[in-house]
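One structure is given below, encoded as structure tokens.
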Amino acid sequence: MSLPRMPDVLVIGGGVIGLVTAWRAAQRGFATAVVDPEPGGGAAQVAAGMLAAVTELHHGEQILLGLNLASARRYPDFAAELTELTGHDLGYRRCGTLAVALDADDRAHLRDLHALQRQSGLESEWLSGRDCRRLEPMLAPGVRGGLRVDGDHQIDPRRLAHALVTACERAGVVFHRTWAERLTVARGRAAGCVLSDGTALGAGQVVLAAGSRSGQLAGVPDDVLPPVRPVKGQVLRLTVPKRYAPFLSRTVRAVVRGSHVYLVPRLSGELVVGATSEELGWDTTVTAGGVYQLLRDAHELVPGITELPLTETRAGLRPGSPDNAPLLGPTELDGLLLATGHYRNGVLLTPVTGDAMAHVLATGELPDEARPFTPRRFRAPALTEQPV
Ligand code: GLY
0 MSLPRMPDVL
10 VIGGGVIGLV
20 TAWRAAQRGF
30 ATAVVDPEPG
40 GGAAQVAAGM
50 LAAVTELHHG
60 EQILLGLNLA
70 SARRYPDFAA
80 ELTELTGHDL
90 GYRRCGTLAV
100 ALDADDRAHL
110 RDLHALQRQS
120 GLESEWLSGR
130 DCRRLEPMLA
140 PGVRGGLRVD
150 GDHQIDPRRL
160 AHALVTACER
170 AGVVFHRTWA
180 ERLTVARGRA
190 AGCVLSDGTA
200 LGAGQVVLAA
210 GSRSGQLAGV
220 PDDVLPPVRP
230 VKGQVLRLTV
240 PKRYAPFLSR
250 TVRAVVRGSH
260 VYLVPRLSGE
270 LVVGATSEEL
280 GWDTTVTAGG
290 VYQLLRDAHE
300 LVPGITELPL
310 TETRAGLRPG
320 SPDNAPLLGP
330 TELDGLLLAT
340 GHYRNGVLLT
350 PVTGDAMAHV
360 LATGELPDEA
370 RPFTPRRFRA
380 PALTEQPV
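Take the sequence shown: its letters are residues 0 to 387, numbered as in numbering that gives the first Met the number 0.
Set out below in structure tokens:
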């Protein structure tokens, strides 16, 4: 009887980031395994799936913008490849986005975002309130203006996760449907992990891709543990009855009293409304306050929303990092790599993360576009001796 082959690559975490890493690694010929009790679960089950590199641009995130745009550019081919391989439609929709302002403060915020977008060479057009409503007749009469960004699209993250599980299975990835209890380290090198049933798995290289839980894995040396924290987001799902369609033809978003709200319409009739942003540790309770805030803000934007059936409320945890950007590639512990900390951009960054991780697993080096995201950027600077 032959023993099962030890994987070349063991991925801890089966959300979209872990799955795309495993899929791309297996395509490169690595024997690959994934540890996760529910592959395809996690934040992608909650996320709205906006591919919003331009409308979600923030000051101080210009380097991240480069990675976000690189990933957005890959989406058409990435989605086509996954669909061809698996037969699953991913709900990739090139619908564009409209970011609108409801009062003078929102307008000032959007004007500032527009200036930043133009400085960054991005395509974004300022529209009057009337032009916004011409584009989206369901918008509130009080809309004061907006930004039309035709390049920010959407995908259905649940379909994406499902397709990635299928793609992994077809590529021969082995799934261990349980928790990873601890990382094993042997002779100063990551050597695998111990599963919750006590089984020890060895591996040539280990990728920690456990989303918001990535900083929690036992056995990872303290100075290597990723500085990732959970950032709660509550999200609603409504259904647009056929008689109301098309309710919205593109993603519509705004900042209302300082909180972001977005409405993402799918061709299936699902309308996703998100999202709160709460620093509450591991809490994933859906609260009356969260639902109220989202419905109140969405109603100010699109009053007709109150007519729609509310079909689902859910909360998930974004993997936040200190600079809002992902941690990709080798750590100070030989054999341990990270693919985590994607914060607001996990779904958007899925294609480029898969490519970057496959490249670094094969060559030991991150590709140029991913180099700024090395986990080593968070290493404490060495103390230099000061003359007395
Ligand atoms: N990118 C959307 C969110 O994090 O809510």
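Yeah, the Cβ is synthetic: ideal placement off N, Cα and C, and Gly gets one too.
Cβ-heavy atom distance, residue i to the ligand GLY, below 8 Å
i, result
"Asn67", "no"
"Glu278", "no"
"Gly13", "no"
"Val51", "The question names Val, yet the displayed sequence has Ala at residue 51. Under cutoff, so the answer is yes."
"Asn344", "yes"
"Arg317", "yes"
"Glu55", "yes"
"Gly289", "no"
"Ala47", "yes"
"Tyr74", "no"
"Gly273", "yes"
"Gly232", "yes"
"Tyr243", "no"
"Tyr91", "no"
"His113", "no"
"His259", "yes"
Straight-line Cα distance separating residue j from residue i
i, j, result
"Arg132", "Arg23", "43 Å"
"His298", "Ile304", "6 Å"
"Ile11", "Pro240", "40 Å"
"Ser213", "Leu224", "8 Å"
"Arg378", "Asp222", "8 Å"
"Val387", "Thr339", "Residue confidence for Val387 is low, a pLDDT of 47 falling below 50, so the modelled location carries little weight and cannot support an answer."
"Ala30", "Pro75", "27 Å"
"Thr310", "Glu269", "9 Å"
"Thr183", "Val260", "42 Å"
"Val193", "Ala202", "11 Å"
"Pro264", "Gln215", "35 Å"
"Arg228", "Leu307", "34 Å"
"Ser258", "His108", "12 Å"
"Ser320", "Arg117", "27 Å"
"Gly191", "Ala25", "17 Å"
"Pro36", "Trp178", "6 Å"
"Ala369", "Leu66", "7 Å"
"Gly353", "Val205", "15 Å"
"Arg73", "Leu50", "11 Å"
"Ala114", "Thr250", "21 Å"
"Pro302", "Leu101", "13 Å"
"Val164", "Gly39", "6 Å"
"Asp367", "Gly218", "30 Å"
"Asp282", "Arg157", "22 Å"
"Pro371", "Met356", "14 Å"
"Met5", "Glu135", "55 Å"
"Gly28", "Ala189", "21 Å"
"Leu63", "Leu300", "29 Å"
Counted within 10 angstroms of its Cβ, other Cβ atoms place residue i as buried (16 or more) or exposed
i, result
"Lys231", "buried"
"Thr330", "buried"
"Arg176", "exposed"
"Ile16", "buried"
"Arg472", "Missing from the structure shown is residue 472; the chain here goes from 0 to 387 and no further."
"Tyr291", "exposed"
"Asp111", "exposed"
"Ala324", "buried"
"Glu124", "exposed"
"Met0", "The predicted position of Met0 is uncertain, since its pLDDT is 48 and thus under 50; a value taken from the coordinates is nonetheless stated next. So Met0 counts as exposed."
"Glu55", "buried"
"Asp104", "exposed"
"Ser211", "buried"
CB of residue i within 9 Å of CB of residue j, strictly
i, j, result
"Val285", "Ser70", "no"
"Val99", "Ala253", "yes"
"Thr82", "Ala162", "yes"
"Leu159", "Val346", "yes"
"Gly150", "Glu122", "yes"
"Thr349", "Val33", "no"
"Arg313", "Val234", "yes"
"Gln153", "Gly315", "no"
"Leu360", "Leu336", "yes"
"Leu266", "Gly90", "yes"
"Gly59", "Phe174", "no"
"Thr85", "Ala21", "no"
"Pro318", "Ala42", "yes"
"Val142", "Gly128", "yes"
Residue i: CB within 8 Å of a non-hydrogen atom of the ligand ZN
i, result
"His152", "Absent from the structure shown: the ligand ZN. Ligands present: the ligand GLY."
Within-9 Å CB hit, residue i to chain E
i, result
"Leu163", "Within the model displayed, chain E is absent; a lone protein chain is all it includes."
Practice item. Note down, one range per segment and in chain order, each beta strand (DSSP E) of at least 3 residues found wholly within the region 228-310. Key: At a cut-off of 3 residues, the continuous stretches assigned as beta strand (DSSP E) that sit fully inside the region 228-310 are 228-238, 250-255, 258-264, 269-273.
Point to revise | Runs of alpha helix (DSSP H) wholly within the region 60-106 (minimum 4 residues, chain order) | key: For the region 60-106, whole alpha helix (DSSP H) runs of length 4 or above, ordered along the chain, are 61-85.
Check your understanding: Enumerated in chain order, which unbroken segments of the alpha helix (DSSP H) with a length of 4 residues or greater are wholly contained in the region 151-216?
Key -> Under the rule that a run must span 4 or more residues, the alpha helix (DSSP H) segments found entirely inside the region 151-216 read 156-169.
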